[in-house]
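Participant: So in our numbering, the last spot in the sequence shown is 285, and the numbers never skip.
Where a beta carbon is used, it is the ideal one built from N, C-alpha and C, also for glycine.
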Amino acid sequence: MFVDQNLYKKAFEAYVRKGTPIELSIKQARPTTHYVWRTRNDGKVRSSHADREGQVFSWDDPPTGGHPGKDYNCRCTAEPYSAEISEFLRLSINGLGTKSGWSSTDFVNHYFSGGGRGVTLNQIGHSQKIISAFFDRRGEALKGQIASAARSTRGGSISYGFENTYDMTGVVFSISDTTIGGSFSGQSIEQNGIIELSGSLDLYLDDEFADPLDVGVEVDDYRPGSILYDNIHRPLSDYLRGRAGSPTGGQQRLGVRDGKPYAITGTWFGSVEGRIYTDPSRSQYTR
């Protein structure tokens, strides 16, 4: 059972000094089984107690040294805790559009006739397909990373950045191992062991199309006078050896006349909102 210690202390002092009766509502215990550990957030807080800031404890299972205020010179307090919430974290992307995407022929034609000019996802029309595949594969992990960033601040501004290479083979003809990164920035409010957060999510893609044969091996311009073995056989053999787990001779590109690799880039903008437990041990969203 939880009693508001500060409120009761003031009422008791008024009773001792002035004879003011203590109200029955103040005397009564509050029906809660857990509490949130709170510190004064100053330099006088011992490190073991500072580590407990925002964590949830049970009145029936005190931590080492006891509940807040029990240890020697402890100025920590217990904040009432609501034991059950519906956690959620939603990632939303805006303005994906419905434009028809390039076919494999379009990608290859641009390789041979585009002169190396880069294209954007909005131009080639595969923005929604790629970001949906990214969220299917990495969405839950990204939610956990954002939740961890929110817990590290426990109220106030949040910022988190990320970048990695992801295997998107089979999603779009032109995309295989591609770089996707982004950043989240927002605000959070922490109360009673619960964090409410919201903010903006920006993502980007950076890739290069250099595999018009779609065999998993990038290509380069065929140089007149070079031999077929150097331009076709050896790169393919090296690639297949790598797929089989055998040693390779390093990255190779197939020789194809008159083609130029080109960059594929894209950006997405969206939002994040959620409600999570401050204590990661009680949360479904963890890093």
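In the DSSP assignment, the beta strand (DSSP E) including Arg88 goes from what residue to what residue?
Facilitator: Taking the first residue of the sequence shown as 1, we reach residue 88 at position 90. Run containing Arg88: 86 to 92, per the beta strand (DSSP E) assignment.
Participant: Quick check: what's the CA-CA separation for Trp35 versus Ser56?
Facilitator: Taking the sequence shown and counting its residues from 1, the one referred to as residue 35 is at position 37. Taking the sequence shown and counting its residues from 1, the one referred to as residue 56 is at position 58. Distance between the alpha carbons of Trp35 and Ser56 is about 10 Å.
Participant: Can you grab the Cα-Cα spacing for the pair Ser279 / Ile83, in whole Å?
Facilitator: Sequence index remark: in the sequence shown, residue 279 carries index 281 (1-based). Sequence index remark: in the sequence shown, residue 83 carries index 85 (1-based). Straight-line Cα distance between these residues: approximately 14 Å.
Participant: What does the alpha-carbon distance come out to for the pair Tyr260 and Gly137?
Facilitator: Numbered from its first residue, the sequence shown carries residue 260 at position 262. Numbered from its first residue, the sequence shown carries residue 137 at position 139. Distance between the alpha carbons of Tyr260 and Gly137 is about 28 Å.
Participant: Please work out which residues of its chain come closer than 6 Å, Cβ to Cβ, to Ser102, disregarding the five sequence neighbours upstream and downstream, and give them in chain order.
Facilitator: Walking along the sequence shown from the start, residue 102 turns up at place 104. Phe171, listed in sequence order.
Participant: Alpha carbon to alpha carbon, how far is Arg135 from Asp104? Give it in angstroms, no decimals.
Facilitator: The residue you call residue 104 lines up with position 106 of the sequence shown. The residue you call residue 135 lines up with position 137 of the sequence shown. Approximately 27 Å, taken between the alpha carbons.
Participant: Any contact of the segment 187 to 200 with the segment 264 to 277, i.e. 3+ C-beta pairs under 8 Å?
Facilitator: yes
Participant: Note down the Cα distance separating Tyr164 from His65, rounded to an integer number of angstroms.
Facilitator: What you label residue 164 is simply residue 166 of the sequence shown in a count that begins at 1. What you label residue 65 is simply residue 67 of the sequence shown in a count that begins at 1. Roughly 47 Å separates the two Cα atoms.
Participant: Would you kindly report the start and end of the unbroken beta strand (DSSP E) that includes Ser157?
Facilitator: As a working mapping, residue 157 is identified with position 159 in the sequence shown. It spans 154 to 165 - the beta strand (DSSP E) in which Ser157 sits, taken as one unbroken run.
Participant: For Cys74 versus Val54, is the C-beta spacing smaller than 9 Å?
Facilitator: Numbered from its first residue, the sequence shown carries residue 74 at position 76. Numbered from its first residue, the sequence shown carries residue 54 at position 56. No. Outside cutoff.
Participant: Quick check on the DSSP output: the alpha helix (DSSP H) that includes Asp204 runs from which residue to which?
Facilitator: Numbered from its first residue, the sequence shown carries residue 204 at position 206. Judged by DSSP secondary structure, Asp204 falls outside any alpha helix (DSSP H) and instead within the beta strand (DSSP E) spanning 192 to 207.
Participant: Between the segment 108 to 126 and the segment 144 to 159, do at least 3 Cβ pairs fall closer than 8 Å?
Facilitator: Between the segment 108 to 126 and the segment 144 to 159 there are fewer than three C-beta pairs closer than 8 Å, too few to call the two in contact.
Participant: Any idea what DSSP makes of Val215, helix, strand or coil?
Facilitator: Numbered from 1 along the sequence shown, position 217 holds the residue referred to as residue 215. At Val215, the pLDDT of 43 sits below 50, so the modelled position is not reliable; the number obtained from the coordinates is stated separately. The answer is coil: DSSP assigns Val215 none of H, G, I, E or B.
Participant: Report the three-state DSSP secondary structure of Ser181 (helix, strand or coil).
Facilitator: Position 183 of the sequence shown, counting from 1, holds the residue named residue 181. In this structure, Ser181 counts as strand in the three-state DSSP scheme.
Participant: If you reduce the DSSP assignment to three classes, tell me which class Gln282 lands in.
Facilitator: Taking the sequence shown and counting its residues from 1, one reaches residue 282 at position 284. The answer is coil: DSSP assigns Gln282 none of H, G, I, E or B.
Participant: Please list the terminal residues of the continuous beta strand (DSSP E) segment that includes Ser130.
Facilitator: Indexing the sequence shown from 1 puts residue 130 at position 132. Taken as a continuous stretch (DSSP letters only), Ser130 belongs to no beta strand (DSSP E), being part of the alpha helix (DSSP H) at 125 to 151.
Participant: How far does the beta strand (DSSP E) with Ser269 in it reach, from first residue to last?
Facilitator: In the sequence shown, counting from the first residue as 1, residue 269 sits at position 271. First-last of the beta strand (DSSP E) with Ser269: 260 to 275.
Participant: Could you give the residue range of the alpha helix (DSSP H) that holds Val54?
Facilitator: In the sequence shown, counting from the first residue as 1, residue 54 sits at position 56. Here Val54 belongs to no alpha helix (DSSP H); instead the beta strand (DSSP E) covers 54 to 56.
Participant: Have a look at Ala208, Gln189, Gln282 and flag the residue whose alpha-carbon is nearest the alpha-carbon of Lys258.
Facilitator: Working through the sequence shown from its first residue, we reach residue 258 at position 260. Selected option, being the one with the closest Cα: Ala208.
Participant: What does Ser59 pair with, by DSSP beta-bridge criteria?
Facilitator: The residue you call residue 59 lines up with position 61 of the sequence shown. Sequence check: residue 59 is Asp here, not Ser. For Asp59, which the question treats as bridged, DSSP gives the partners Ser56.
Participant: What is the residue span of the alpha helix (DSSP H) that Tyr33 lies within?
Facilitator: Counting from 1 along the sequence shown, the entry for residue 33 is found at position 35. Run containing Tyr33: none in the alpha helix (DSSP H); it sits in the beta strand (DSSP E), 32 to 36.
Participant: For Glu206, collect the residues of the same chain with a Cβ closer than 6 Å to its Cβ; drop the 5 residues on either side in sequence, then sort them by chain order.
Facilitator: Start at 1 with the first residue of the sequence shown, and residue 206 comes out as number 208. Hits under 6 Å: Pro259, Ala261.
Participant: Kindly list the residues whose CB is nearer than 6 Å to the CB of Ser92, restricted to its own chain and excluding five residues on each side of it in sequence; keep chain order.
Facilitator: Locating residue 92 in the sequence shown gives position 94, where the first residue counts as 1. Position check: residue 92 holds Asn in this sequence, whereas Ser was assumed. Hits under 6 Å: Phe267, Gly268.
Participant: Please work out which residues of its chain come closer than 7 Å, Cβ to Cβ, to Met166, disregarding the five sequence neighbours upstream and downstream, and give them in chain order.
Facilitator: In the sequence shown, counting from the first residue as 1, residue 166 sits at position 168. The answer, listed in chain order, is Ile128, Ala131, Ile173, Ser174, Thr176.
Participant: So what's Ser98 in DSSP terms, helix, strand or just coil?
Facilitator: Translated into positions along the sequence shown, residue 98 becomes position 100. Coil.
Participant: Whose CA, out of Asn190, Val169, Glu188, lies closest to the CA of Gly99?
Facilitator: Residue 99 sits at position 101 when you count from the first residue of the sequence shown. Cα-wise, what sits closest to Gly99 is Val169.
Participant: Would Thr263 pass as a contact of Leu199 if the rule is Cβ separation under 9 Å?
Facilitator: On the sequence shown, residue 263 is found 265 positions in, with the first residue counted as 1. On the sequence shown, residue 199 is found 201 positions in, with the first residue counted as 1. The Cβ atoms of Thr263 and Leu199 lie no closer than 9 Å to each other.
Participant: What number of angstroms, rounded off, separates the C-alpha of Leu119 from the C-alpha of Gly180?
Facilitator: For the purposes of this step, residue 119 is taken as residue 121 along the sequence shown, with counting starting at 1. For the purposes of this step, residue 180 is taken as residue 182 along the sequence shown, with counting starting at 1. Whole-angstrom Cα-Cα distance: 16 Å.
Participant: Between which two residues does the alpha helix (DSSP H) carrying Ser45 extend?
Facilitator: Residue mapping note: residue 45 aligns to position 47 of the sequence shown, counting from 1. Start and end: 45 to 48.
Participant: From the DSSP secondary-structure annotation, give me the bridge partner or partners of Glu77.
Facilitator: Along the sequence shown, read from residue 1 onward, the residue named residue 77 stands at position 79. Beta-bridge pairing links Glu77 to Val34.
Participant: Using the C-alpha atoms, what's the distance from Phe182 back to Gly159?
Facilitator: Translated into positions along the sequence shown, residue 159 becomes position 161. Translated into positions along the sequence shown, residue 182 becomes position 184. In a straight line, the C-alpha of Gly159 is about 6 Å away from that of Phe182.
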